[in-house]
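**Student:** Below is the structure I would like to discuss, written out as structure tokens.
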Amino acid sequence: MPELPEVEHLRRSLEPWIVGAQLIDVRVLRKSVVTLASETGRSNAVLRAALGVGETIVGTDRRGKQMAIAFANGRFLVIQLGMTGSVTIERGAPPRGVEARHRHVIWNSYSPALPSEPEPWRLVFRDPRRFGGLTAYHSREVLDRVWNTLGPDALNIAGDELLDALARTRRPIKSALLDQSVLAGVGNIYADESLHAAGIHPLQTASAVPTAQVHRLASEIRRILGRATAEGGSTLRDYRDAFGKPGNAVQVHAAYGREGQPCLRCGTNLLGLRLQGRATVFCPRCQDLST
DNA sequence: CTGGTCTCCTGATCGC
DNA sequence: TGCGATCAGGAGACCA
């Protein structure tokens, strides 16, 4: 479920805590969630080094739905939340019951720069469905090689950039928006939301959308993602920030999940279809195929 | 190049 | 109360 807003909100909530922190140790409860992009072996020593044991965290970054942690030795760890992933900071006793399940990687850490936190704490990667994972990179250069295969970041997408990206493909525009190599960060929810807000039919050929509407779409994507980020993600069910706090439930979706309900703009009942296996909701009146 | 389908995986929900 | 079917969808593999 996490799309760009959830990932960016997570990054912002983690950053003040983890930058400057030292990773003392790591427990890998499920090795398969860790991918080593630059290494040859998978010994415990290699794994621990890739996960930053002994290192200080010096920064965070994000491209689309991928978040990166930068280590002092120049290595990077990319976190992908997939559908159900979370990264939380834990202090005190570990959780019991269902919350204790699906915890795949747990770092022990402490913050020499935070005098208010003299005790070690834990950084926990949890992901019940395991569509997410961690990928370790040896250098910024290797990370950039991968990130450069992604399209421009959706949070600040410029109208001209979007126009460029969409002009290259004749797929339905929603398919193009979901393709991370075209535009990085938009998933199923915000694809429907931004197309509805911009009045574009999801099946409209990407390259055939008029210039003015592409600019409108870019502006709606920025507005909707920006607002959702500030509100802490849309929070359908699984998203939690660094402290286990759900996003504000105030976010109202105008299209997503509202098939059969009246369009908030014109009152026409919203229609549903499946595109690439994804539930798609749109207003047959506001989102006209012919425009 | 393109869409369609399948796969990975668990948990929530629904009908019976 | 239980149980099986269905759905949720990010991302990549594979096929037509």
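In this note's numbering, the protein residues as written are 1 to 291. For each residue, glycine too, the CB sits at the ideal point set by N, CA and C.
1) Assuming Tyr110 is part of the beta strand (DSSP E), what are its boundary residues?
2) Only counting the same chain, and skipping five residues up and downstream in sequence, which positions put a Cβ closer than 7 Å to that of Ala242?
3) Name the DSSP beta bridge partners of Asn269, please?
4) Would you kindly check if the distance between the Cβ of Ala21 and the Cβ of Ile57 is under 9 Å?
5) How is Thr4 classed by DSSP in three states: helix, strand or coil?
6) Give the secondary structure of Leu81 by DSSP, where H, G and I count as helix, E and B as strand, and everything else as coil.
7) Less than 9 Å between the beta carbons of Val26 and Val105, yes or no?
8) Would you decide whether Arg103 is buried or exposed? Buried here means 16 or more other CB atoms lie within 10 Å of its CB.
9) Any chance the segment 62 to 69 sits against the segment 33 to 40, with 3 or more Cβ pairs inside 8 Å?
10) Alpha carbon to alpha carbon, what distance is there between Thr229 and Glu8?
11) Report the residue from Ala279, Met83, Arg258 whose alpha carbon sits nearest the alpha carbon of Gly132.
12) Considering only the beta carbon of each residue, do Ser139 and Arg42 sit closer than 9 Å?
13) Classify Ser111 as buried or exposed, calling it buried when 16 or more other Cβ atoms lie within 10 Å of its own Cβ.
14) In this structure, how does DSSP classify Gly159 when only helix, strand and coil are distinguished?
15) Please name the residue, chosen from Leu273, Leu114, Ala197, that lies closest to Val252 on a Cα-to-Cα basis.
16) Could you pull the DSSP bridge partners for Trp17 from this structure?
17) Which same chain residues end up closer than 7 Å to Leu150 when comparing Cβ atoms and leaving out the 5 residues on each side of it in sequence?
18) Comparing alpha-carbon positions, which option in Glu3, Leu264, Leu270 lies nearest Gly85?
19) Just confirm the distance between the C-beta atoms of Leu155 and Arg222, as a whole number of angstroms; I'd bet it's less than 8 Å.
20) Taking all protein chains shown into account, decide if Lys174 is buried (16 or more other Cβ within 10 angstroms of its Cβ) or exposed.
21) Can you tell me whether Asp192 is helix, strand or coil according to DSSP?
22) Where do the N-terminal and C-terminal ends of the alpha helix (DSSP H) with Gln213 fall, by residue?
23) Cutting at 8 Å between CB atoms, please list the residues of its own chain near Leu29, excluding the five before and the five after it.
24) Would you mind listing the beta strand (DSSP E) stretches within the segment 23 to 54 that are 3+ residues and don't spill past its ends, in chain order?
25) Taking the straight line between their C-alpha atoms, what separation do you get for Pro262 and Thr268?
26) Mind checking which residues open and close the beta strand (DSSP E) that includes Asp61?
27) Over the uninterrupted beta strand (DSSP E) stretch that includes Glu99, give me the two end residues.
28) Have a look at the DSSP bridge pairing and note the partners of Glu90.
29) Which residues in the same chain as Val19 place their Cβ atom closer than 8 Å to its Cβ, once the five residues preceding and following it in sequence are excluded?
30) With DSSP collapsed to three states, give me the class of Ala184.
**Tutor:** If we stick to the structure as given:
1) Residue mapping note: residue 110 aligns to position 110 of the first sequence, counting from 1. Residue range 103 to 110 is occupied by the beta strand (DSSP E) that includes Tyr110.
2) For the purposes of this step, residue 242 is identified with residue 242 of the first sequence, where counting begins at 1. Leu10, Ser13, Leu14, Trp17, Val87, Thr88, Ile89, listed in sequence order.
3) Within the first sequence, numbered from 1, the residue matching residue 269 stands at position 269. Pro262, per the DSSP bridge assignment.
4) As a first step, residue 57 is located in the first sequence; it is residue number 57 there, counting from the start. As a first step, residue 21 is located in the first sequence; it is residue number 21 there, counting from the start. It is a contact, given that the beta carbons lie within the stated cut-off.
5) In the first sequence, counting from the first residue as 1, residue 4 sits at position 4. Checking the displayed sequence, the identity of residue 4 turns out to be Leu instead of Thr. Leu4 sits in a helix when the DSSP states are folded into three classes.
6) Here residue 81 refers to the residue found at position 81 of the first sequence. Coil at Leu81, not helix or strand.
7) On the first sequence, position 26 is the one that residue 26 refers to. On the first sequence, position 105 is the one that residue 105 refers to. Yes, the pair counts as a contact, with Cβ atoms nearer than the cut-off.
8) Stepping through the first sequence from its first residue, residue 103 is reached at position 103. Classification for Arg103: buried.
9) Counting Cβ pairs under 8 Å, fewer than three are found: no touch.
10) Counting from one through the first sequence, the residue named residue 8 turns up at place 8. Counting from one through the first sequence, the residue named residue 229 turns up at place 229. Going by the C-alpha atoms only, they are around 7 Å apart.
11) Within the first sequence, residue 132 is the residue found at index 132, counting from 1. The shortest C-alpha to C-alpha distance from Gly132 to any of Ala279, Met83, Arg258 is the one to Met83.
12) On the first sequence, position 139 is the one that residue 139 refers to. On the first sequence, position 42 is the one that residue 42 refers to. Taking 9 Å as the Cβ cut-off, Ser139 and Arg42 do not qualify as a contacting pair.
13) Along the first sequence, one-based indexing puts residue 111 at 111. When all chains shown are included, Ser111 counts as buried.
14) For this step, residue 159 is matched to residue 159 along the first sequence. DSSP, read as helix, strand or coil, puts Gly159 in helix.
15) Taking the first residue of the first sequence as position 1, residue 252 is located at position 252. Out of Leu273, Leu114, Ala197, the CA that lies nearest to the CA of Val252 is found in Ala197.
16) Residue numbering aside, residue 17 sits at position 17 when the first sequence is read from its first letter. DSSP, once it has assigned bridges, lists no residue as partnering Trp17.
17) On the first sequence, residue 150 is found 150 positions in, with the first residue counted as 1. Same-chain partners within the cutoff: Arg63, Gly64, Gln180, Ser181, Ala184.
18) Residue mapping note: residue 85 aligns to position 85 of the first sequence, counting from 1. Between Gly85 and the set Glu3, Leu264, Leu270, the nearest pair of CA atoms involves Glu3.
19) Indexing the first sequence from 1 puts residue 155 at position 155. Indexing the first sequence from 1 puts residue 222 at position 222. The C-beta separation of Leu155 from Arg222 comes to about 7 Å, placing the pair in contact by the 8 Å criterion.
20) As a working mapping, residue 174 is identified with position 174 in the first sequence. With 16 or more other Cβ atoms inside 10 Å of its own Cβ, Lys174 counts as buried.
21) Your numbering for residue 192 matches position 192 in the first sequence. Looking at Asp192 - three-state DSSP - the assignment turns out to be helix.
22) On the first sequence, position 213 is the one that residue 213 refers to. Taken as a continuous stretch (DSSP letters only), the alpha helix (DSSP H) holding Gln213 covers 211 to 230.
23) The residue given as residue 29 occupies position 29 in the first sequence. Correct list, in chain order: Arg103, His104, Val105, Ile106.
24) As far as the segment 23 to 54 is concerned, its whole beta strand (DSSP E) runs of at least 3 residues are 34 to 36.
25) For this step, residue 262 is matched to residue 262 along the first sequence. For this step, residue 268 is matched to residue 268 along the first sequence. Approximately 5 Å between the Cα atoms of the pair.
26) Taking the first residue of the first sequence as 1, we reach residue 61 at position 61. Its beta strand (DSSP E) spans residues 57 to 63.
27) Here the question's residue 99 lines up with position 99 in the first sequence. Element bounds for Glu99: n/a, residue is neither H nor E.
28) In the first sequence, residue 90 corresponds to position 90, counting from 1. The partner list for Glu90 (beta bridge, DSSP) reads Arg122.
29) As a position in the first sequence, residue 19 is number 19, starting the count at 1. If we look at Val19 and ignore the five residues flanking it on each side, its Cβ neighbours are Ile57, Val58, Gly59, Thr60.
30) Taking the first sequence and counting its residues from 1, the one referred to as residue 184 is at position 184. Note: Ala184 maps to strand in three-state DSSP.
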